[in-house]
Amino acid sequence: MAAVPILNTTKSSISDFFNKIFRELKKDPLSWFFILSITAFFVYFLVVPLIIIIITAFTTENFAVHVRWIYIFPTFDINGSFTLETMKNVLSSRRFIQPGGAPLDYMIRIESQQKYPLTGQTVTYVYIKFKDYGIILNTIIVGILTTLFSLIIGTSIAFIMARYKFPGKVIFQGLMLLPLIVPPFVGGIGFSVMIGPQGLLNQYVFSKYLGLVIIFQGIAGIVFVQTLHFFTLIYLNVYSSLLNIDPSLEEQAENLGASGFRLFRTVTFPLAMPGIASGSILVLILAMEDLGTPIVLYGATGDNAATKVITYEIYNTIIAGEADARINPQATFLGAVLLLFAIVGFFFIRKYVALRQYSMISKGRAGNTRERKVGVLASIGIIAFLMAVFLIATLIQFGIIYRSLVPNAQNPQLTFDNYKNFFNTGAEGLWIPLKNTLMYSFGATFITIILATIAGYVANRKKFPGQSWFDALLTIPIAIPGIVLGMGYWKMFSNSGSLFGIDWLTLNPLNPVLILMISYTVRRFPFTVRAVYAGLQQTDEVLEEAAMNLGASRYRSLLEIVTPLISFNIIGGALISLVYSMGEVSTTLILVLDRNKGTLTWDMAHNTGEIGRLCAIGVFLMIIQAISLFATNFLLKNRAEAITGI
Amino acid sequence: MEGVRIENITIKYDDFTAVEGVSLHVKPGELVTILGPSGCGKTTLLRSIAGFVTPVSGHIFLEGKEITHLPPQHRGTAMIFQNYALWPHMTIEQNVEYGLKLKGVPKEVRRKKAVEMLKLVKMESQIGKMPTQISGGQQQRIALARALAVDPDVLLCDEPLSNLDAKLRVELRTEIREISKRLGITVIYVTHDQSEALAISDRIAILRDGELQQVGPPLEVFHDPDNLFVGEFIGESSTLKGVLEEQEGNKAKIRIGDAGLITAYFEEQLEPGAELKILIRPQDVNVIPNKKRADNEENILKGIIRTNSFMGDHVRVNLELPTEERLIIAERKHIEETSRMGVDVEAFVQVNPEKVLCFLEERRIR
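Protein sequence lines, in the order shown, are assigned to chains A and B. Okay, so the first sequence: first residue is 35 according to our numbering, each after it adds one. Okay, so the second sequence: first residue is 112 according to our numbering, each after it adds one.
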């Protein structure tokens, strides 16, 4: 008998449940439409391609996963069975993992009494290289070293900027953003131009005055280039963390007797820790996923050792292969390894960013910062340090500008030919890549603005089950290696059984424009959605309630109340998405096969030997980036999370 | 016309029950305040009428139509908020017109109505300004005009005056009452300020921990509270512990420890020795200036004056009783004598037995 009431309750609770869902859908159908369609978009264009890569990495057949489309739903035909063979092969190969380092390899090598070809002088060559520990270990080492050096430089600068007052501080705050303006490839070129074997420093300074030629090779070269770029990410994160610390927290500690290093160690540092940690992990992930630097270090200096990292290895198998053979199980396994680091790192950051909020508690005293005036000597020290960092970091930019005008190291002559090339509509000219770049990235940014505004809106304003996963889905692209996503797209859209029976990647005239724009949208989405989110947090929800209360639907309140109020954030975020889209490398290189469809970065990757051409493109991208960055900084008031996407 | 009818509403946030089984009928043209301490669920209740919160059970009717699950924009309510919620990117006029624009009212009609509403709240001179250019009090007037412009079936006010300074609060609250009465509009007004509630309401609904305690006109809830919470929450009072000594008919003698014996009136028959709580309002106690007179009077309590503040029209005395309880007195008759008594001296006070309220635990004894 007892079963009857239980049955009744179950029945009514089930119908209650559906009633609740139905009511909820009826009450706010638009939000649910947004949530579901954006989730579908990201599952479709982010999760599915990545799953395909992971499946491929663990199946026997060479081209194991075929995606077949039933209407718009992908099905996976897996030829072959589950295997760990690829993993075993990779992990047991000395090419990939060599814990002791390659035999006969060196960290630093010094060769004296050598002839320097450019000047004919007798010099001492100093090679700084780092041993080859195998491709996978090398990648991890690059990540760790770059993070470590970036951390030391970035944190010091952040602390100085947040806590000390010295002459020219405002100028340095502006200057320190400049190293952020390094488009892909260009860092490597600038590096080789300045401190490559034939670089300006070796040619005009070191060999002449010191009798030295200093050459960074392999891992050391990559770390050098990356550090000069990535330390700014740490600087921005830590700086904003330090500014967010309520001064009264530190004053309270001082009041109780803590001071100097003890105060820093026990109060300031723990409070800034979330910023430091999330900045570091971001740099770690980005350094490991960087493809542009190895390509150019190899292309511009012929340094074979610089190619011994995962990204280059994947890239190399792709450009060497034909059609489906472009992506083999080994490449997908390496991709899966990168993906693992990315995903673990990403969730680590999320945890820390959530923690970051506690430093904001009780922020009652606006404008009261703990800036300390420093003496003349300390000022000189600080300025000298910042100047040194700035000069070394911007050496790269100076190098690029110089080489775009003076392309030939052997025969230095000023020329504007490389810039004129932008207007050359011929096959060799840059007009087509420029046009393509603008078209793709503006197209992607347009989609991004619409989707990110909507997504940021529902993520911020609506409470729904699975919200934190939704949020993770929107922001994880910042961590996903482009090269892995690119491989996934290739697998997903290039088969004969592709969506609607169309091979999207070779079909003219769409090839591969549509998919490329979508990939840009997905990859650069976090920047805009973060900015939108930040804007919404500053916009009181009550403003919307007031509108809905007077009869505005959610759609109208989004359009007429919210959007105008967060327009600066949308523009600022979109500008960053735009700039990073223009500099996108990985998916572009994988998806674009046709020169006529290539972008500026595609052109750069295929002309690594033509320094002048590369540098001119680099300067162009730098100018666009600089303008966007400063505009964004102005619009968003130095919000690190918008610039770094975290 | 039947105003707003709330039937047995329960609202939960996850496991927390914010409002439990509340029923309330606000008649057309009536101004009802929902009063309670912070966290009592009053704003949640109001937001459920506006449609921003969905109750887990119960029904809400507006002018006879059930609106419990209707989206906010289809309800015909208009709300004013604590922080005004004027849209900073629109002018004052655009703010006021917006609701009409949503209804598709033509531009000229809209403008006419906006001007009319702004005149009503005495803000017509600010029509072209932006919200950031005017003060808080002015912003709330604009918000009121904006809400009234759509001719809502009910005006919902969510602590609209909490962010304003004391003087402005008093000024605006009478104005809100005046305007709502002139327009004959139904108003539900949420506040934690009991003096605000007393000043403007037709009826007050007192809420505590999500449950309705009492609904009634200001005089009634003030003089005739149903329970100790309402008695203590509305108006100023002192609560003393007392023991029933004897009861003859409705006349009860209650001992307040060593402080003295007072009389109270209630019908309910209790056993001698019953422990009661006695609520006495400051204005219902008088200081007896000399001891001799006190000896001959009834309802006398003795204690030591701990604070003695001259307030202009009355003297406030804080009396410490031998039971260590405090009794607050607002002396209006013997202002000078009381004032001269100073502090830390023994004093005798007389309680008006007609006004003494007695409670058994929380429950009012009548």
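Glycine residues also receive a C-beta, built at the ideal position from the N, C-alpha and C atoms.
Closest by CA to residue i, which one among the options?
| i | options | result |
| --- | --- | --- |
| A/R384 | A/R590, A/I510, A/I624 and A/E285 | A/I510 |
| A/F654 | A/Y161, A/I191 and A/F219 | A/F219 |
| A/M121 | A/P499, A/S184 and A/T366 | A/T366 |
| B/Q305 | B/T449, B/K292 and B/E347 | B/E347 |
| A/L681 | B/I296, B/I367, B/Y209 and B/E307 | Outside the shown range of chain A, which is 35 to 680, sits residue 681 of chain A, and nothing can be said about it. |
| A/M141 | A/K149, A/Q132, A/D166 and A/A287 | A/D166 |
| A/Y474 | A/A580, A/T633, A/I610 and A/T666 | A/T633 |
| A/P137 | A/E145, A/R128 and A/I144 | A/R128 |
| B/R443 | B/R252, B/Q193 and B/S420 | B/S420 |
| B/P400 | B/E447, B/L381 and B/L355 | B/E447 |
| A/V613 | A/L548, A/G522, A/G569 and A/T479 | A/T479 |
| B/L382 | B/L266, B/D125, B/K364 and B/T302 | Note on residue identity: the sequence assigns Glu, not Leu, to residue 382 of chain B. Of the candidates B/L266, B/D125, B/K364 and B/T302, the one whose C-alpha sits nearest the C-alpha of B/E382 is B/K364. |
| A/F561 | A/A650, A/Y589 and A/L508 | A/L508 |
| B/L471 | B/H445, B/T449, B/K388 and B/N119 | B/K388 |
| B/D313 | B/L181, B/G295 and B/Q324 | B/G295 |
| A/A565 | A/L577, A/S528, A/S47 and A/N494 | A/N494 |
| A/I488 | A/M307, A/N455 and A/I604 | A/I604 |
| A/T266 | A/V371, A/L277, A/L214 and A/I434 | A/L214 |
| B/K278 | B/E289, B/F459 and B/G248 | B/G248 |
| A/T117 | A/I344, A/I131, A/N445 and A/T94 | A/T94 |
At which residues does the beta strand (DSSP E) containing residue i begin and terminate?
| i | result |
| --- | --- |
| B/K123 | V115 to Y124 |
| B/V462 | E457 to V462 |
| A/E284 | Looking at the DSSP string, A/E284 is not in any beta strand (DSSP E); the run it does join, the alpha helix (DSSP H), is P281 to N289. |
| B/Q358 | S349 to E359 |
| B/H136 | F127 to V137 |
| B/Y376 | G371 to Y376 |
Tell me the rounded alpha-carbon separation between residue i and residue j.
| i | j | result |
| --- | --- | --- |
| A/Y269 | B/P263 | 53 Å |
| A/D50 | A/I658 | 56 Å |
| A/I40 | B/L390 | Residue placement at A/I40 is flagged as unreliable, the pLDDT there being 42, under the threshold of 50; the coordinate-derived value follows with that caveat. Whole-angstrom Cα-Cα distance: 49 Å. |
| B/E435 | B/V133 | 38 Å |
| A/F432 | A/K163 | 24 Å |
| B/A260 | B/A225 | 7 Å |
| B/T179 | A/F52 | 17 Å |
| A/L625 | A/T555 | 15 Å |
| A/K469 | A/G409 | 53 Å |
| B/H200 | A/T351 | 55 Å |
| B/L255 | A/Y567 | 30 Å |
| A/P467 | A/M656 | 16 Å |
Measuring CB to CB, does residue i end up less than 7 Å from residue j?
| i | j | result |
| --- | --- | --- |
| A/T471 | A/M638 | no |
| A/F250 | A/I430 | no |
| A/V257 | A/T180 | yes |
| B/G342 | B/L468 | yes |
| A/V330 | A/I248 | no |
| B/N429 | B/I415 | no |
| B/G140 | B/T297 | yes |
| B/E131 | B/G321 | yes |
| B/G162 | B/E113 | no |
| A/G684 | A/S620 | Limits of chain A in this structure are 35 at one end and 680 at the other, which puts residue 684 of chain A out of reach. |
| A/V301 | A/A287 | yes |
In terms of residues, what are the limits of the alpha helix (DSSP H) holding residue i?
| i | result |
| --- | --- |
| A/G188 | I169 to R197 |
| A/M526 | G516 to F527 |
| A/N271 | G252 to N278 |
| B/K223 | K218 to L231 |
| A/R495 | W465 to R495 |
Is residue i near the ligand GDP - that is, is its Cβ less than 6 Å away from at least one heavy atom of it?
| i | result |
| --- | --- |
| B/A385 | Questions concerning the ligand GDP fall outside what the structure shown contains, since it holds no ligand whatsoever. |
Cβ closer than 8 Å: which chain C residues qualify as neighbours of residue i?
| i | result |
| --- | --- |
| B/V261 | No chain C is present in this structure, whose protein chains are A and B. |
Return the residues of the segment 240-272 of chain A that lie within a Cβ-Cβ distance of less than 9 Å from chain B, sorted by chain order.
Result list empty, no residue passes.
Contacting positions in the segment 321-350 of chain A - beta carbon closer than 7 Å to chain B
Those would be none; no residue qualifies.
Between the segment 169-191 of chain B and chain A, which residues of the former have a C-beta closer than 7 Å to a C-beta of the latter?
Listed by position along the chain: H180, P182, P183, Q184, T188, A189 and M190.
By the 8 Å beta-carbon criterion, what residues does the segment 568-581 of chain A contribute toward chain B?
Those residues of the segment 568-581 of chain A that come within reach of chain B (Cβ to Cβ, closer than 8 Å) are D574, V576, L577, E579, A580 and A581.
Report the residues of the segment 49-76 of chain A with a CB closer than 7 Å to any CB of chain B, ordered along the chain.
Per Cβ criterion, the list reads R57, K61 and D62.
Return the residues of the segment 594-607 of chain A that lie within a Cβ-Cβ distance of less than 7 Å from chain B, sorted by chain order.
Taking 7 Å as the Cβ-Cβ cut-off against chain B, the residues of the segment 594-607 of chain A that qualify are I595, P598 and L599.
Could you run through the segment 208-237 of chain B and flag, in chain order, every residue whose CB is less than 8 Å away from some CB of chain A?
For the segment 208-237 of chain B, the set of residues with a beta-carbon nearer than 8 Å to any beta-carbon of chain A comprises Y209, G210, L213 and K214, in chain order.
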